[in-house]
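In the working numbering, the protein residues as written are 41 to 635.
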């Protein structure tokens with residue numbers, strides 16, 4: 041656990057160092073730089089500056105760089121150099137805080153700034169700056185930001201600040217804390233030397249700043265942690281259940297299990313017979329360094345029912361795949377193989393193919409996995425092709441395994457041209473004048489031949505409308521009619537459906553619209569399409585011509601009858617009120633029977 045001195049806008053890191061002398065451990069507080077939140081507007085690039093490069097930062101592994109002095113910036117009233125490379129690290133949700141270490145290789149006046157989501161210095165974006173101006177200058181700078189101090193989940197960017205005129209070399213480390221370990225997976229880490237801020241601790245040791253956490257599930261019978269030293273110094277391993285490894289006020293390490301083997305690998309195994317016994321829950325691990333040089337290590341924690349479990353074994357289903365296609369045609373659909381672990385441990389696999397026309401996706405993974413196998417027939421002749429997919433896994437007792445792939449390509453068959461077919465060939469609609477439009481009806485457009493049939497459709501009269509005027513067969517088209525403004529009688533129209541290059545094109549669909557007169561002709565305004573008109577009482581009518589139409593006006597004191605023979609053969613008699621007119625334009629009579 042880290043200790044913080046908190047105040048608004050600033051977080052101080054308190055690091056702790058302990059010594060091993062007659063089993064007595066004492067603490068030593070390390071000066072740390074202040075973390076101040078500033079507006080991005082306070083960091084201004086000059087006209088010569090370019091956008092900084094961004095480099096991914098590995099957790100706890102030092103990344104070396106050099107501040108070449110090419111990026112002159114101004115922070116508040118101080119001119120400094122911002123190194124051209126910024127470093128990015130992702131903070132997971134489980135992280136409680138993040139540690140940043142800057143090793144300068146000398147007592148140089150350098151520090152660093154950090155920013156969430158966007159690089160430091162992005163216009164208008166806030167950032168945090170670690171600064172020790174006016175204090176002692178050491179070889180290393182340490183900084184911590186926690187959730188209360190502004191740590192957010194997601195990407196963070198680290199920029200190095202050089203307050204000196206000369207270019208300086210440095211290395212930088214960042215690590216979210218705690219680091220969540222996965223059972224059986226190796227984690228590469230490092231720990232600072234036991235000299236902090238240029239102060240030697242003699243034979244003392246430095247308890248690392250980063251916690252490691254692993255979850256031990258119910259039913260686990262053993263928990264094993266192994267610390268492999270990649271360097272030559274002496275490092276120890278400490279484990280504690282439910283709480284991070286820590287120091288008390290007297291400098292004693294608070295841990296349940298301690299592993300000490302100077303200069304060698306350290307292993308700790310916890311079972312139900314250990315003291316304290318193994319429990320289900322979270323275990324915290326921490327590393328200590330007793331050497332005056334940074335130590336690199338590999339930490340592996342394994343929680344399992346049996347540490348003597350069998351090795352992984354590759355299990356692949358199916359063992360053969362068959363593809364069929366027509367030469368020169370489309371690629372056949374992909375097929376899947378399932379890779380599972382038939383043994384113990386973790387099975388990390390890789391897949392390779394021996395023919396260029398076969399591909400797999402993904403090409404590697406951890407079992408269980410589904411792998412898509414694809415074939416590309418471009419350029420392949422008709423016949424049978426053979427290939428193998430090989431699945432290999434390090435440590436598996438039956439590696440590799442193969443899947444046989446057979447591709448059969450047939451000769452392309454002569455293609456039958458498309459043939460246009462439309463059903464039905466005629467449509468009939470019935471309506472009443474001044475009433476609602478009748479319900480729509482459908483046409484089915486199909487291809488009774490081969491290939492692809494692309495069609496177009498158009499009506500030759502404006503009162504017919506189509507739901508679609510083009511498409512590819514098969515298709516269903518809805519036909520609607522609009523009776524507004526149409527006369528009593530029968531209307532005729534056509535729908536022309538065409539398909540370029542297709543047989544039986546075009547198709548002509550006849551459309552008949554029968555419009556009946558109103559149930560009562562009294563008090564109506566409508567038109568009649570007729571073939572014969574008769575005035576039984578001609579003395580009641582005055583005849584005149586207006587705008588090319590013949591106007592008949594009822595000049596009697598009462599209604600006068602007009603008889604029509606419609607274009608469909610029906611007879612219709614209409615009584616016209618006194619003073620009203622019948623206007624005849626060609627074969628259309630316009631009627632107004634309103635009083």
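Built from N, CA and C at the ideal position, the CB exists for glycine as well. Fair warning: this is a prediction, and the values are worked out from it, not measured in the lab.
For residue 194, collect the residues of the same chain with a Cβ closer than 8 Å to its Cβ; drop the 5 residues on either side in sequence, then sort them by chain order. 130, 131, 156 and 157
C-beta contact flag for residue 535 and residue 499 at 7 Å: Contact check for residue 535 against residue 499 passes: the beta carbons are separated by less than 7 Å.
Go to residue 487, then tell me how far its beta strand (DSSP E) extends in each direction, as first and last residue. 481-487
I think residue 324 touches residue 283, with their Cβ atoms under 8 Å apart; what is that distance to the nearest whole Å? 6 Å
Quick check: the segment 350-366 against the segment 285-301, are there 3 or more CB pairs under 8 Å? no
When DSSP labels each residue in this structure, what does residue 355 get in the three-state scheme? strand
Would residue 137 be called buried (16 or more neighbouring beta carbons within 10 Å of its own) or exposed? buried
In the segment 170-224, which residue ranges form an unbroken beta strand (DSSP E) of at least 3 residues, counting only runs that do not cross its ends? Listed in chain order, the complete beta strand (DSSP E) runs (minimum 3 residues) inside the segment 170-224 are 180-186, 194-202 and 208-217.
Which of the three DSSP states is assigned to residue 159 in this structure? coil
Buried versus exposed call for residue 135 [16 or more other C-beta atoms within 10 Å across all chains shown]: buried
In angstroms with no decimal places, state the Cα-to-Cα distance between residue 413 and residue 445. 9 Å
Contact test: residue 333 Cβ vs the ligand MG heavy atom, cutoff 6 Å: In the structure shown, the ligand MG is absent, as is every other ligand, since no ligand is present at all.
So, helix, strand or coil for residue 580, using DSSP? helix
Exposure label - residue 370; buried when at least 16 CB within 10 Å: exposed
Would you mind reading off the limits of the beta strand (DSSP E) that contains residue 404? 404-406
Just tell me which of 488, 465 and 232 has its CA closest to the CA of residue 456. For the set 488, 465 and 232, the Cα lying nearest the Cα of residue 456 is the one of 488.
Curious, which full-length beta strand (DSSP E) runs of at least 3 residues does the segment 249-295 contain? 252-256, 262-269 and 275-281
Closest residue to residue 514 among 540, 319 and 484 (Cα-Cα distance): Nearest option by C-alpha distance: 484.
Own chain residues within Cβ distance below 6 Å of residue 318, not counting five before or after: 263, 310, 311 and 312
Rounded to the nearest angstrom, what separates residue 344 and residue 254 at their Cα positions? 12 Å
Which residue marks the beginning of the beta strand (DSSP E) containing residue 143, and which one marks its end? Run containing residue 143: 137-143, per the beta strand (DSSP E) assignment.
Nearest to residue 139 by alpha carbon, out of 258, 182, 480 and 577? 182
What number of angstroms, rounded off, separates the C-alpha of residue 279 from the C-alpha of residue 392? 42 Å
Let me make sure I understand the geometry here. Which of 469, 586, 378 and 212 has the alpha-carbon closest to that of residue 442? 378
What are the partner residues of residue 495, as DSSP defines its beta bridges? 511
Label residue 73 either buried or exposed according to how many other C-beta atoms from any shown protein chain fall within 10 Å of its C-beta, with 16 as the threshold for buried. Any reading at residue 73 must be qualified, since the residue scores a pLDDT of 49, below 50, and its modelled position is unreliable; no value is offered.
For residue 426, the nearest candidate out of 364, 541 and 435 (CA to CA): 364
Quick one, are the C-beta atoms of residue 558 and residue 473 less than 7 Å apart? Against a cut-off of 7 Å, the Cβ pair of residue 473 and residue 558 comes out as a contact.
Quickly, what does DSSP pair residue 149 with across the bridge? List them, please. Answer is none; residue 149 lacks a bridge partner.
With 16 as the cutoff for other CB atoms within 10 Å, does residue 595 come out buried or exposed? exposed
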